[in-house]
Structures are given as C-alpha cells and as structure tokens.
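Heads up, the thing below is written out as structure tokens.
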Amino acid sequence: MNRLHRLPALPRCTPMALAAALCAASFACLPTAWSAEPTEPLAGNTPERSTVAARARALSAVAAAQAASAASAAAAASASATSKAIKATKADTTVKPTQAPATTASPAPATKAAAQVSAPAGDAPLTRDSDRGTGASRLSFSLPSTPSAPHDGKQPLFFEADHLEGESGSRTRATGAVRLRQGELTVRADEMTHTQADNAASAMGHVVITRNGNVFSGPELNLKLDTLTGEFIRPQYWFARTQAGGQAELIEFLGENRLRAFRTSYSSCTPENTADGSPGEPDWSLKTSRVDMDFDANEGRAENAVIWFQGVPILAAPVLTFPLNDQRKSGWLPPSIDYDNKSGLEFGVPYYWNIAPQRDLTLTPTVSTRRGPGLGAEFRYMGAHDLGSLEVYGIPDDSVAGKSRGLVDFKHLGSLESSDSFALTSYDIRWRRVSDDDYWRDFPRNLPSITPRLYDSHANVERQLNAQNWGLGNTQTTLYGGVQTWQVLRDLDTTADATSSAIEAPYRRSQLGLRSRSDVDSALSWTTQAQIDRFTHQDASKITGNRVNLTGQVERAIDLGGVTLTPRLALNSTQYDLDQALANGSRTASRTLPTFSLNAGMTLERPATLFGRDLTQTLEPRIQYVRTPYSDQSLLPLFDSAPRDFNQYAIYSENAYTGVDRVSDANQITMGVSSRLLDNKTGAEAMRFGVVQKLLLSDQRINPSGTGPITQRLSDLLLLGSTSVIPSWNLDSVVQLNGQTHEAERATMGVRYSPGPFRTVSTTYRYTRGATNQIDLGWQWPLFGRKTTVSQLKAQASSPDQIALNQQGATSGQQCGGTWYGVGRLNYSLRDGRMANTLLGVEYDAGCWIARVVGERVTTGSTQASTRIMFQLELVGLSRIGSNPLSTLKDNIPGYSLLREQSSVLSAPGATRTTTDD
13 MNRLHRLPAL PRCTPMALAA ALCAASFACL PTAWSAEPTE PLAGNTPERS TVAARARALS
73 AVAAAQAASA ASAAAAASAS ATSKAIKATK ADTTVKPTQA PATTASPAPA TKAAAQVSAP
133 AGDAPLTRDS DRGTGASRLS FSLPSTPSAP HDGKQPLFFE ADHLEGESGS RTRATGAVRL
193 RQGELTVRAD EMTHTQADNA ASAMGHVVIT RNGNVFSGPE LNLKLDTLTG EFIRPQYWFA
253 RTQAGGQAEL IEFLGENRLR AFRTSYSSCT PENTADGSPG EPDWSLKTSR VDMDFDANEG
313 RAENAVIWFQ GVPILAAPVL TFPLNDQRKS GWLPPSIDYD NKSGLEFGVP YYWNIAPQRD
373 LTLTPTVSTR RGPGLGAEFR YMGAHDLGSL EVYGIPDDSV AGKSRGLVDF KHLGSLESSD
433 SFALTSYDIR WRRVSDDDYW RDFPRNLPSI TPRLYDSHAN VERQLNAQNW GLGNTQTTLY
493 GGVQTWQVLR DLDTTADATS SAIEAPYRRS QLGLRSRSDV DSALSWTTQA QIDRFTHQDA
553 SKITGNRVNL TGQVERAIDL GGVTLTPRLA LNSTQYDLDQ ALANGSRTAS RTLPTFSLNA
613 GMTLERPATL FGRDLTQTLE PRIQYVRTPY SDQSLLPLFD SAPRDFNQYA IYSENAYTGV
673 DRVSDANQIT MGVSSRLLDN KTGAEAMRFG VVQKLLLSDQ RINPSGTGPI TQRLSDLLLL
733 GSTSVIPSWN LDSVVQLNGQ THEAERATMG VRYSPGPFRT VSTTYRYTRG ATNQIDLGWQ
793 WPLFGRKTTV SQLKAQASSP DQIALNQQGA TSGQQCGGTW YGVGRLNYSL RDGRMANTLL
853 GVEYDAGCWI ARVVGERVTT GSTQASTRIM FQLELVGLSR IGSNPLSTLK DNIPGYSLLR
913 EQSSVLSAPG ATRTTTDD
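Counting from 13, one number per residue, gives the positions in the sequence shown under the numbering used here.
See the structure below:
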C-alpha cells in the first residue's frame, strides 16, 4: 500500500487574524443550531443546502403542527362547519399524523383531561376531549417525523406549551414556557405564533436556541417561511467549541442562503454585570459594523472589523472577506513580533495564498530594526502520491553583516505505484543550504536542522519488488539508491577553542544497493545486503574512492521450554578501489570476516502489589556470546564508521562500530538482567531496573576508543533504572561505572514531580568524565491567583445538560479571573562555573486571554550568546498574536502543559516552524 495515501490533507486555515472569527461574531454559526442533517439524504435536501433553509423548515414544521392541532380541536368543539376559536388550558395531547379519517377519543378521567387523537388528512379539524375537561396538566404533543420531513427524517418533533389557541386556517398561537425539541435541537420562548396568510412564524420573549452545546438567545425572531426572509433582534450567542460568543444588534435573513448582520461582537470573556444590571465590557472583543454572508458563494464580507483589548484597539481592517466553512481562503494572518540581541526588534505580517485545494503559499514580509527588510516564503503541495514543501528566507542587504543572507529548505516525499503491480517505488528528497558560516549564530530561531552547523541534503529512491507480500509468505527484496551531501558551518569566533569547536565534514556519498530477507515465519531466517558506494570529500587530503560491501546472516530461534536460544552466523566482506594510494602503496584493499553469536534469554513473571496498584513483576536475564576473528584494518579508510555509544542496546551489538569500514574482533560474553513492573490495567511500565556488563575472554585488538588493544577483561558496568510507580513522581537514571576503579564515567539522573495540571518541577544531572558536568532545573508552577483544577477545566466544555439558561443570556459563565504561572529552565555548568542556557518566563491566565513573556539565552560560543525575548497574547477562542514561545517551552521544560488546547477559530499554516531531520 502506498503510505502517502494515509497522510492527512494540508491543514485547513483561515485567512487572517480576524477573518475566520467573523462567521461566529456575525452569528453565521447560528444556522448550525437549527440544522440536523438526516442520516440518509432526502431528495432536494443535500448537505450543501443552506442551514438557514433548515432552520426555516424546522419552524415550518412547528407551525404546521400548531395549525393541525388547532384545526382538529375546532372540529371537536363544534359539529358545524363554522370555524370557532379554541382555547386549551393545562391539558395533555399526543398527536400522530395519519391518513385515516378523524376519530374522537374516549373521555379522560376528571382529574386529568387527556386524549390521543389521529389527525386527518387535509384541513379536517381536530377533536380534543381536553376542551371539556378540568385538568391542570401542561399541554404537550409529539409529532413523529414522516419520511418527507426536511429537518430530520429520523427524529420526532416534541412541542410543549402552557396554552394553545388559534383559528383554523388563519392563526395559531402558543404561550407560556413554549418549548420545541427535536433531537439535540431545543427552542424555548415565551410565545410562538404562526399566521397562515403569509406563512410567517415568530417567536417572542426570551427566545433561546440550543444544540450541541451552542446557545443562541434574543427577545424576538421573525421569519417568513415562503421567502425565508426575516430578522432576529438583538441575538446573543455562545459556541461550545471555542468557548466564546457575543451579540449582534440585528440579523436579517435575505433569502434561502443569504443573511446580513449589524454591529456584531465576539469574545470568550464573560465579565460581571455592573451595579445597575447592564452588561460590562469584556477584556477583549472582536467587533464589526456589518457582515454580509452568501452561503451559495461560500463567502462572507465584513466591514470595520476591530479587535479591542482592555479598551484599546490592537488590530483593525476596513474590509475583509472570508469563507463560511472550513475551506481555506487567501488573506492576512496574525502578525508576529520577535526581539533578540542579534537582529533587534523584528515585525512580520504573513499573507496566506490559497493557490489550489492541494497547494498554498505563505509570504511573510519582515522588517528588523538592525538588519533591515526581509522576506520569508513557504510553499506547500500535495498530490495523489507526492507531498512536499519549499521554504526560503532572505535579507537582500543585511545592515549588520553588509551582505545578503538567507536559507533554502526543500522537502519532497513521493511514490510510484500501479494497481496491477506488486512493486512500489518511493523517493525522498531533501535539500538544505544557508548563505554563510555565521548564519547559525545570527539567526538561531530560523534554522532548518537540530544540528545548527551541520546540514544534510540527500535524494533517495527505493523500490520494493513485492511490497504487498511483506511478511506474508514471500521474501522481501528491495533495490535502493541515493546521493548525500553536507554543508558544514565553521565557527568564526577567534576566541573559541579551535579543537573543541571544529566539526569534521562527513563524506559525500553516492550509493546503489540491494537487500533481501526471508519470510518472518520461517524457522530459519536470513538476510542479505549488497551495496556499492562512491565517497568524495571537499578536503583534497582525504582518501576518496569506491567501496563494495556484501553482508549476510542466518539465524534460528530455538524454544527450550521458557528459554529462547538463538544461534546466528554472519559474514561481512568489503572491497575498496581508491583514488589515492594507501600507506602500503596499493589502491585496492579487501576484508572478509565471519561472526558467530549465541543469544539466550528468558522471562519470568509474578504478581505484585505496590502503592495500591496491581502489577506484574518480570525477571529477564540475558546472556550473549560473540566470536569474530581479528583482521588488521589499520590501512583501510574510515568513510562512514564510528564507535558505538555505550548504552543498554549497543553493549549487545556484535560489532563495536557503526558502518562497515571497521569490524571489531570479539571473543566475549555479555551478561545482563532486568526487572520490570507492568500495570495490569493499562500495560504501562511502572518501573524498570537493569544491570549489564561485558566479559572479554581474550584481548580485543581493534580498539574503538584508543590505539592499543583492550586488555581489561571486564567492561564498564551499566546500571539503569526508572520508575513512575510513586504517584506524581518520575525517576530515571543511567550510570556507567568503570570496570576497574568503579568510578562513574558517565551518569544521567533525573527526577520530576508533577502533582497536577500545570504543575511540574524537574531536575537532571548529567556527567561525562572530562567533558560534561551540568545540572538542569525546569518548572511550570502557579505562583498566585486563581488555581484552576482539572475538573474546572472540564466543566468549561459546554454541553446541553451543563448550560444554565437564565436572564443573563448565553454569554454568562466563568468570570475572567487571573492566575500567574512561572516557567523556566536553568542549565548550569559545574565544570565552567557559569550558566550555559537559560529560559525564564511568566504566563498570566485571565480565563479568556493569556499573556506570555519568555526570555531565552542560548550559548553560541565560549564568549557569545544569543538572547531572545518572546511576547504572546492569546485571545482564547480567537487567535494568538506575537512571537510564539510555546514550542520553546515544550522542548525545554519536561512535562510542560498548554494552559489552553488550541480551539481558536483562527489558525495559520506554518505559523510555527517544525524542525525535522531525516
């Protein structure tokens, strides 16, 4: 299967910092409260039809129900054909539409008048015994929907009122706590009226509409059902997804798919009322003077849109256009503001261009107080089998450096696949370049790699000859090839230590290869690989040339009743054809070495209980023997081999090197044992302890860390442990002890305390003999103010059962409180006696808006550092404005949590740069 088929589509986005919210602010989302799409589409009622029409049809169904009730009741009250006014007070009625003739129900008991009546076809009157009763029950009836009901053909319609009156064929009026319900849609009002002549419906007095947690309220709603024209006077609204709402002076319905709103507002703040009972001004709001919406054209237009914060306008636009659904639309995005000691104050305003459904472009003009103007661009595309992006940034004339600066970062993934073939071809292209050696130091926040001075560029292609039979009975064979180059940036700091700051450039490589393996279900499994490489280097003094490598191995897992024994035999053969002569004068060399290994392991389990948790404890011993003969490889070049790191996985490796240029001799036994605690309910690992060490049975003559042979029989001892079994605590440690002196060669020990949401403190100690001696401290903790608990945060998610409908309106709720949080990370070097990296900041959560101020200092040399200040204002339910410190906080503070998950109606593609390395 083509993996690209499962990749998500390009993220949807809104045109700018105001545009997407205007649909909500201008009550554009109101129709969704009325719409209830049928499970099966009805003729003439496709999902593309306007929700305004769905609302009108819902009101039409209510009016028809009222008219049918009134007409049938009139016939029961009089045998003459003359229409009479009817009045119903405190009675219960159930109405079912059928095609049968009218019938009269039996009299109900005197204590409660009730009747069940079949409604006739056409305009025949309804007969109700409740007109003659004296019961005090509330009038109510239900209408099971017929197949032709446009609102929802699967759900019945329930209608309740204290009083019902009207004239047959003329007017129907329901009063007293009127309630209409169909599925999740509920409409409440003091009074509902329908007139037959103009087919107009109106709801008056405390009109409240709820659906899916969204709430809409206002004093009066009028709608002509034939033309779908009318108005909603002074509506208020609240949207559950964004936890925000607002109000409008007037909503005009101009037909089936058009509406116009005047003087709209939108905010997630719910301020306290003033002393005289009038609403207070929210901390922030988005206001417009007029909004026009055309659902057929999927376009809205807003005039005089302004974002107000604390009574001050901070963003404005005279005219805006925006889409009325989730489709992307071109337009301006929220501005970004950054400050650092390298570039000064930098201001950027991105423009988003929706070129096509699968292509878009974001252009970001910038201006820096120190470096001058610049331009960034990000182009993204996606096809049926391809996706990729191109990001460029440039400053045509850097005022500080006196030259042009910039970067290019291109990524592309794709595949070629045909439905009638079992083969799959995939390819991967990445090209990264920056303009100069000082770019990593001057633009630390705009780097295309996690290694700031080393950039990989490559183009790889791979063809799986039987992709659809992976592990299902056939061997897997793959052809592959590629090229790879590097850009290495020099450290031009004259005060830096040349030895410690130097980076040796890797070899440039071109390769072609084939690998194959057996069926995973085979008793005897094997793998083979053949690869041809061409190595070149920018340094003319380096040896370059061609290399051919052939490897293969065969193994078999043997189950001995709880103990698994796995013998393995491997062969590694390498041939060199070099451009320069070796030390012995030859330009060719070869090496072929076999390796035999034997692995044995077992797993024992027993139940355990700790801190009230039901656990399973395991004991997992493992022993491995490896034998590889010695071969002198001192003359061979080192194209891509390097010593392996010493960790719990590498210690069991058969070769002490990565790559194929070196194969270490071995006559050794590796022994280890680990024990784990697994939670019986979740399967999560609650604790792990382990110890592992290697025993040399003879000297190891090829030494990855030195020149002479390794004569020490016992390797370093590796101790590791981690646990989360103690509530709110996480502990993790790895210690490497010298096999002779028992002193620590390397150690990493960390502890994290997280008692609740937005509360975490962690410290980590890192030590490497002769190189590193550092301690880290990271935290996120409330300082003072209102402490928001998890239950309170969950309660903010509206649902129909949680909404309190009162006279304060739908926008009433939690007040905009204030909580201060401290965030930071300190990295102190005990070896150098100075602070290496520093991150300090505060977050202020006011309930409906969040302010963040974060300062970051990153060491870029022995005497140089980059200092950056980030400020962000998050208007909850709308957008985030300013520089974005969130990725920096999440990357540097273990356990950091966002004060709000992203539920804003605004989103910007590529607003936050995500650095990835292949």
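Where a beta carbon is used, it is the ideal one built from N, C-alpha and C, also for glycine. Quick caveat, the model's predicted, so the values are computed rather than measured.
Anticipated Cβ contact below 8 angstroms, residue i with residue j, distance rounded
| i | j | result |
| --- | --- | --- |
| T607 | E666 | 5 angstroms |
| T772 | L851 | Between L851 and T772 the Cβ distance is about 14 angstroms, and since that is not below 8 angstroms, they are no contact. |
| R725 | L708 | 5 angstroms |
| L610 | A601 | Incorrect: roughly 31 angstroms between the Cβ atoms, too far for contact. |
| L419 | R445 | 7 angstroms |
| V737 | M699 | 5 angstroms |
| Y249 | V227 | 7 angstroms |
| C208 | R183 | For the record, residue 208 in the displayed sequence is Gln; it is not Cys. That pair is a contact at about 7 angstroms. |
| R864 | G853 | 6 angstroms |
Burial state of residue i, where buried means 16 or more other Cβ atoms lie within 10 Å
| i | result |
| --- | --- |
| D210 | exposed |
| S874 | exposed |
| P641 | exposed |
| V675 | buried |
| E172 | buried |
| M847 | exposed |
| E913 | exposed |
| R185 | buried |
| P721 | exposed |
| V379 | exposed |
| T723 | exposed |
| G718 | exposed |
| Q645 | buried |
| F455 | buried |
| L357 | exposed |
Bridge partners - residue i, DSSP secondary structure assignment
| i | result |
| --- | --- |
| F455 | F455 pairs with nothing; no bridge assigned. |
| H424 | G400, I441 |
| F244 | L233, I263 |
| N472 | D440, G494 |
| N679 | R639 |
| E658 | With the sequence shown as reference, residue 658 is identified as Phe, and Glu is not the correct amino acid for it. Answer by DSSP bridge pairing: none, since F658 is not bridged. |
| D903 | Looking at the DSSP assignment, D903 forms no beta bridge with any residue, so it has no partner. |
| Y249 | F228, G258 |
| E666 | According to DSSP, E666 bridges with nothing at all. |
Pairwise C-alpha distance: residue j and residue i
| i | j | result |
| --- | --- | --- |
| A329 | S348 | 17 angstroms |
| R69 | G360 | Since pLDDT at R69 reaches only 38, below the 50 mark, its modelled position is unreliable, and the value read off the structure follows with that caveat. Cα-Cα distance, rounded: 47 angstroms. |
| I635 | Q705 | 10 angstroms |
| S553 | N596 | 17 angstroms |
| K236 | S301 | 25 angstroms |
| R275 | I263 | 9 angstroms |
| G225 | R200 | 15 angstroms |
| G762 | S774 | 7 angstroms |
| R253 | F334 | 19 angstroms |
| I905 | A535 | 47 angstroms |
| S401 | A215 | 53 angstroms |
| R656 | L732 | 18 angstroms |
| R781 | E757 | 5 angstroms |
| T586 | T490 | 20 angstroms |
| L910 | F658 | 36 angstroms |
Spatially closest choice to residue i from the options, by CA coordinates
| i | options | result |
| --- | --- | --- |
| L795 | A471, Y833, R758 | Y833 |
| A696 | F623, T735, I221 | T735 |
| P518 | L526, R465, L562 | R465 |
| E868 | W861, F883, G859, Q587 | F883 |
| S530 | N692, R521, G564 | G564 |
| N715 | A678, S522, S401 | A678 |
| G907 | Y765, A612, E243, R246 | Y765 |
| L375 | A309, V888, R392 | R392 |
| I663 | V703, P897, Q496, D571 | V703 |
| R837 | G845, N785, N849, T831 | N849 |
Within-7 angstroms CB hit, residue i to chain C
| i | result |
| --- | --- |
| L357 | Chain labels in this structure do not include chain C; a single protein chain is all it has. |
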